[in-house]
Amino acid sequence: MRVSRLVTKSLRDDPPEAESASHRLMLKAGLIYQVAAGVYSALPLAWRSLRKIENIIREEMDAAGGQELLMPALQPMELWEQSGRRSAFGENLFSLQDRRGREMALAPTHEEVVTSIVRANVQSYRDLPVILYQIQTKFRDEPRPRAGLIRVREFAMKDAYSFNADDDSLDDSYQAMAQAYRNIYRRCGLPVLMAEADSGAIGGKDSHEFLLITPTGEDTVIHCASCQYAANAEKAEAVYRELSPEPEQPLEEISTPGLKTIAGLADFLDIPAEKTLKAVFYMADGAPVFVTIRGDLEVNEVKLKNALHANDLRMASDAEVAEAGLVAGSASAIGLEGITSVGDLSISSGNNFVVGANRPDFHLRGANYPRDFNVDIQTDITLIQPGHLCPNCRTPLDAVRGIEVGHIFKLGTGYAESFGATYLDSEGQQQTITMGCYGIGVGRLLAAAIEQNHDDDGIVFPAPIAPYQVHLVGLNLTDESVAGEAERLYQRLELEGVDVLYDDRPDRTAGVKLNDADLLGLPIRLVVSPRNLRNGAVEMKERKDSEAVMVPLDEVATKVQESLSASVL
RNA sequence: CGGGGCGUGGCCCAGCGGUAGGGCGCCUGGUUUGGGACCAGGAGGUCGGCAGUUCGAGUCUGCCCGCCCCGACCA
Numbered sequence: 011m012r013v014s015r016l017v018t019k020s021l022r023d024d025p026p027e028a029e030s031a032s033h034r035l036m037l038k039a040g041l042i043y044q045v046a047a048g049v050y051s052a053l054p055l056a057w058r059s060l061r062k063i064e065n066i067i068r069e070e071m072d073a074a075g076g077q078e079l080l081m082p083a084l085q086p087m088e089l090w091e092q093s094g095r096r097s098a099f100g101e102n103l104f105s106l107q108d109r110r111g112r113e114m115a116l117a118p119t120h121e122e123v124v125t126s127i128v129r130a131n132v133q134s135y136r137d138l139p140v141i142l143y144q145i146q147t148k149f150r151d152e153p154r155p156r157a158g159l160i161r162v163r164e165f166a167m168k169d170a171y172s173f174n175a176d177d178d179s180l181d182d183s184y185q186a187m188a189q190a191y192r193n194i195y196r197r198c199g200l201p202v203l204m205a206e207a208d209s210g211a212i213g214g215k216d217s218h219e220f221l222l223i224t225p226t227g228e229d230t231v232i233h234c235a236s237c238q239y240a241a242n243a244e245k246a247e248a249v250y251r252e253l254s255p256e257p258e259q260p261l262e263e264i265s266t267p268g269l270k271t272i273a274g275l276a277d278f279l280d281i282p283a284e285k286t287l288k289a290v291f292y293m294a295d296g297a298p299v300f301v302t303i304r305g306d307l308e309v310n311e312v313k314l315k316n317a318l319h320a321n322d323l324r325m326a327s328d329a330e331v332a333e334a335g336l337v338a339g340s341a342s343a344i345g346l347e348g349i350t351s352v353g354d355l356s357i358s359s360g361n362n363f364v365v366g367a368n369r370p371d372f373h374l375r376g377a378n379y380p381r382d383f384n385v386d387i388q389t390d391i392t393l394i395q396p397g398h399l400c401p402n403c404r405t406p407l408d409a410v411r412g413i414e415v416g417h418i419f420k421l422g423t424g425y426a427e428s429f430g431a432t433y434l435d436s437e438g439q440q441q442t443i444t445m446g447c448y449g450i451g452v453g454r455l456l457a458a459a460i461e462q463n464h465d466d467d468g469i470v471f472p473a474p475i476a477p478y479q480v481h482l483v484g485l486n487l488t489d490e491s492v493a494g495e496a497e498r499l500y501q502r503l504e505l506e507g508v509d510v511l512y513d514d515r516p517d518r519t520a521g522v523k524l525n526d527a528d529l530l531g532l533p534i535r536l537v538v539s540p541r542n543l544r545n546g547a548v549e550m551k552e553r554k555d556s557e558a559v560m561v562p563l564d565e566v567a568t569k570v571q572e573s574l575s576a577s578v579l
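Those letters in the first sequence? Residues 11 to 579, by my numbering.
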């Protein structure tokens, strides 16, 4: 491709609206163009990268036994009523009416349709297992699209679905998909962490996320350097140091004037925060919830939401707290009635806690669970943080930030039950099919790759997903001998099957061209110029390196091939 | 949805009651050419929309729309 023919131009100024590196660089290099909030065109350069990613995904899905198909984005709303996910997705589901006033949805994912297909086509255990996949556009009316292609409302997703006779078979498919995913990221040149995850709105049992580690990621991953345990912070399991139990003391009210925070209370009483219990108030689907957790810990809202089976969970407002008759800053579950009460496991991990007295400026000491108060649900709702202990090996945990670039789930039989997807086993008994689903956001993967691979000058593309492999820069092309050599080299490389972007613009200065090359970040840069040609050479530089080397003209094609084959992981 | 910010040629911005400007980019001619060159000439804008205040509105007021950023969601 010749730069002179490329429709897109790089931008000279940083787009002011783009905070994240990938967003800024993709706009600046002319990879994407915004159409609406969270809706982008993929311009020719980005589209080449996206196709390369898609092809890697296809090859690995096919190798893992997947069959590609294409399902519609436009679907009747009845399907979503039938699965119960119309309300589960809520406002995130794009919906519209056709000319007859019939309600339709733009699909955010395809369990409903794929399950219907399998119901119609699979009757026997001999037909299983089946893995179906597609690379197709998804629509999700996200509350807040952000950061370019990281979170958008319309996006290409590879979604795969496994259909299995039993849990062992599901486990096989799940492992095969997990391995295919590892292969995909490795082949894209992107190291990822596979972490235990919450299954969210999709529902199901086991679930893992694949995260590209970068400081600007939106997810926190808890990681154990010792045993390699990794989990999304939303999911990570809590373990507690054994506190030596003390003899239980009686409840005693103490004056704590003006104290409303754990830090203030612990300081005033000269006790560690873990000797206190904290009360936190939430609204779950419109009803107040009273949460008790040890004073040194934070509430994990995802765990809490799951424990309550709530669709919507948020912190209660001051007004709602007051209306429920609670004393913010001095509340405890002692004597609490008429409100759902949830206790973290940590309330059993110590005793003689200091808790609120349910009247301002007073607390109680010597509180013990369950002697002094009760909870409706006791479960793990702790938000794991660095320094907490690994559930496997008790090593202190680290936290890193990552971008979720893939997610796999064991769904179980829920969808098959909704749609009546059954088969006859070898005994002639009717059984329900069990399912898994497996997703990769293609555009997000590209954005995450850039988020992770860039420097001050621009993108540093991993070779397998770069739009082109070689950026051939011709300097001083008004000199006919230079233009001739550059042209010959361009055609030679193309003939050898190398993807070359040839900057053939005769009227651009060296600075502009070299800056553009750094910005776009193709793996190899070749510079043809009068200065280099005088030595019968071309300058070759890998984008990730700081040093360039001079290569004799007749060896350039060979050196390029060598360099490219070395960069394939 | 709550909080903050912004809408002026393709891009980045200035102008804050009195005849729409600059830089980049674009077109023509010339000079340049290894890290975003120079000279001369030129094209290009219903100042997000609607209503109002005013002799006069890009500028003031109200309503609406759109976009970005921070929080609840996810590939």
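Beta carbons are placed, not taken as given, at the ideal position from N, Cα and C, and that holds for glycine.
Because the structure is a prediction, the values reported are computed rather than measured.
Quick check on this structure: which residue in the options has the alpha carbon closest to the alpha carbon of residue i?
i: aspartate 382; options: Cys403, Ile344, Phe363 and Ser351; result: Ile344
i: cysteine 403; options: Arg112, Ile443, Gln238 and Arg454; result: Gln238
i: alanine 157; options: Phe165, Glu247 and Arg34; result: Arg34
i: glycine 494; options: Lys168, Leu524, Pro540 and Pro477; result: Pro540
i: aspartate 466; options: Val13, Gly453 and Ser30; result: Ser30
i: alanine 554; options: Ala276, Leu529, Lys313 and Gly416; result: Here residue 554 is lysine; the residue named in the question, alanine, does not match the sequence. Ranking the options by Cα distance to lysine 554, first place goes to Leu529.
i: tyrosine 171; options: Pro380, Cys447 and Leu203; result: Cys447
i: alanine 175; options: Leu138, Gly40, Leu84 and Leu159; result: Leu138
i: alanine 188; options: Asp208, Phe220 and Asp177; result: Phe220
i: alanine 56; options: Glu122, Ser93, Leu16 and Glu91; result: Leu16
i: lysine 245; options: Leu536, Glu311, Arg110 and Leu563; result: Glu311
i: lysine 148; options: Asn131, Val128 and Leu103; result: Leu103
i: isoleucine 160; options: Ser491, Leu374 and Gly416; result: Gly416
i: proline 118; options: His481, Arg109 and Ala83; result: Ala83
i: tyrosine 292; options: Leu106, Gly353 and Val364; result: Gly353
i: glutamate 113; options: Trp90, Asn361 and Glu78; result: Trp90
i: leucine 314; options: Asp328, Val290, Val337 and Ser327; result: Val290
i: glutamate 88; options: Ser105, Arg129 and Ala74; result: Ser105
DSSP three-state label for residue i, please.
i: glycine 438; result: coil
i: arginine 541; result: helix
i: arginine 58; result: helix
i: threonine 125; result: helix
i: lysine 148; result: strand
i: arginine 375; result: strand
i: threonine 73; result: According to the sequence shown, residue 73 is alanine rather than threonine. Residue state, collapsed to three classes: helix.
i: lysine 270; result: coil
i: leucine 287; result: strand
i: tyrosine 195; result: helix
i: proline 298; result: strand
i: histidine 120; result: coil
i: leucine 80; result: coil
i: glycine 335; result: coil
Can you say whether residue i is buried or exposed, counting buried as having 16 or more other CB atoms within 10 angstroms of its CB?
i: cysteine 198; result: buried
i: glutamine 440; result: exposed
i: lysine 19; result: exposed
i: isoleucine 264; result: exposed
i: methionine 325; result: exposed
i: arginine 58; result: buried
i: proline 225; result: exposed
i: serine 134; result: exposed
i: glycine 339; result: buried
i: tyrosine 478; result: buried
i: threonine 444; result: buried
Rounded to a whole number of angstroms, what is the C-alpha to C-alpha distance between residue i and residue j?
i: asparagine 242; j: serine 217; result: 11 angstroms
i: alanine 186; j: asparagine 378; result: 48 angstroms
i: valine 124; j: leucine 485; result: 54 angstroms
i: glutamine 259; j: proline 396; result: 33 angstroms
i: leucine 60; j: isoleucine 66; result: 10 angstroms
i: histidine 319; j: glycine 424; result: 16 angstroms
i: serine 556; j: glycine 546; result: 22 angstroms
i: glycine 449; j: methionine 71; result: 11 angstroms
i: proline 406; j: lysine 523; result: 49 angstroms
i: lysine 62; j: proline 474; result: 7 angstroms
i: leucine 80; j: tyrosine 184; result: 22 angstroms
*Check whether the stretch 227-242 touches the stretch 87-104, taking contact to mean three or more Cβ pairs, one atom from each stretch, closer than 8 angstroms.*
no
*Do the stretch 270-286 and the stretch 301-314 meet, that is, are 3 or more Cβ pairs less than 8 angstroms apart?*
yes
*Between the stretch 385-395 and the stretch 331-338, are three or more C-beta pairs nearer than 8 angstroms?*
no
_Three Cβ pairs or more, each shorter than 8 angstroms: is that satisfied between the stretch 288-301 and the stretch 348-359?_
yes
*asked:* Below 8 angstroms, how does it come out for the stretch 261-275 and the stretch 419-438: are there three or more Cβ pairs, yes or no?
replied: no
_Sufficient close CB pairs (3 or more, under 8 angstroms) joining the stretch 448-460 to the stretch 505-522_ = no
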